[in-house]
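For reference, the structure is listed below as structure tokens.
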Ligand SMILES: CC(C)(COP(=O)(O)OP(=O)(O)OC[C@H]1O[C@@H](n2cnc3c(N)ncnc32)[C@H](O)[C@@H]1OP(=O)(O)O)[C@@H](O)C(=O)NCCC(=O)NCCS
């Protein structure tokens, strides 16, 4: 699968992506607001293997994609998990800090949303974020999503209970 945008494209994650993904999946800066990581190289390998397996399933309810610049540089990863009836999807993403603040995160997320709406007929898209993750909240707002829920101290991240904002968009 390949979703082409302007400066980049999204394609299925592949086993050979391990080193490029690990460059950011092993960084505390990238996982600061997330429950996983920083990964060991073994954990990144297991993650990629699980993505490759998920992508190969016939119903493909979880889509795991690499974001790649038109020059071939892998800059991040995107996930969409569809509900059983296919009406809803939750999205998530991580980008290498080397490529932050260039609008790539928003461009790739918009392309993923476009795919979910036009090719998978998804009717509602969700995402979660920690309240402190200003960059991610900006991306979600630029997609047209609005905050619909707030969970207080519901996620344990490296020993600290953290809040969660839920964003949604009906399409
Ligand atoms: C979330 C993430 C993908 C955003 O990447 P990015 O490169 O900053 O995104 P974009 O360049 O598309 O910018 C999105 C908007 O957020 C703004 N923004 C980015 N970082 C910001 C910050 N620290 N403070 C305030 N605004 C910020 C940008 O200015 C931009 O808005 P603008 O176009 O109006 O200027 C990136 O920070 C990341 O990978 N973080 C770690 C993983 C993560 O937290 N993923 C989300 C899990 S919920």
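In the working numbering, the protein residues as written are 36 to 206.
Where a beta carbon is used, it is the ideal one built from N, C-alpha and C, also for glycine.
Everything numeric in this text was worked out from a predicted model, so none of it was measured.
Under 9 Å between C-beta atoms of residue i and residue j
i, j, result
"residue 130", "residue 96", "no"
"residue 128", "residue 42", "no"
"residue 103", "residue 46", "yes"
"residue 178", "residue 141", "yes"
"residue 56", "residue 48", "yes"
"residue 36", "residue 90", "yes"
Under the three-state DSSP convention, the category residue i falls into
i, result
"residue 141", "helix"
"residue 146", "helix"
"residue 120", "coil"
"residue 162", "strand"
"residue 193", "coil"
"residue 106", "coil"
"residue 91", "helix"
"residue 81", "helix"
Own chain, CB closer than 7 Å to residue i, minus 5 neighbours either side, in chain order
i, result
"residue 150", "38"
"residue 162", "125, 126, 127, 175, 180, 202"
"residue 40", "142, 143, 146"
"residue 83", "48, 50, 52, 53, 56"
Distance between residue j and residue i (C-alpha atoms, nearest Å)
i, j, result
"residue 63", "residue 183", "28 Å"
"residue 58", "residue 113", "16 Å"
"residue 115", "residue 98", "5 Å"
"residue 44", "residue 187", "36 Å"
"residue 71", "residue 171", "16 Å"
"residue 160", "residue 76", "31 Å"
Neighbourhood of residue i by C-beta distance below 8 Å, restricted to the same chain and skipping five residues each side
i, result
"residue 158", "122, 123, 205, 206"
"residue 69", "129, 192"
"residue 132", "59, 62, 64, 65"
Contacts around residue i, its chain only, beta-carbon distance under 6 Å, and the 5 residues preceding and following it disregarded
i, result
"residue 166", "198, 200"
"residue 134", "110"
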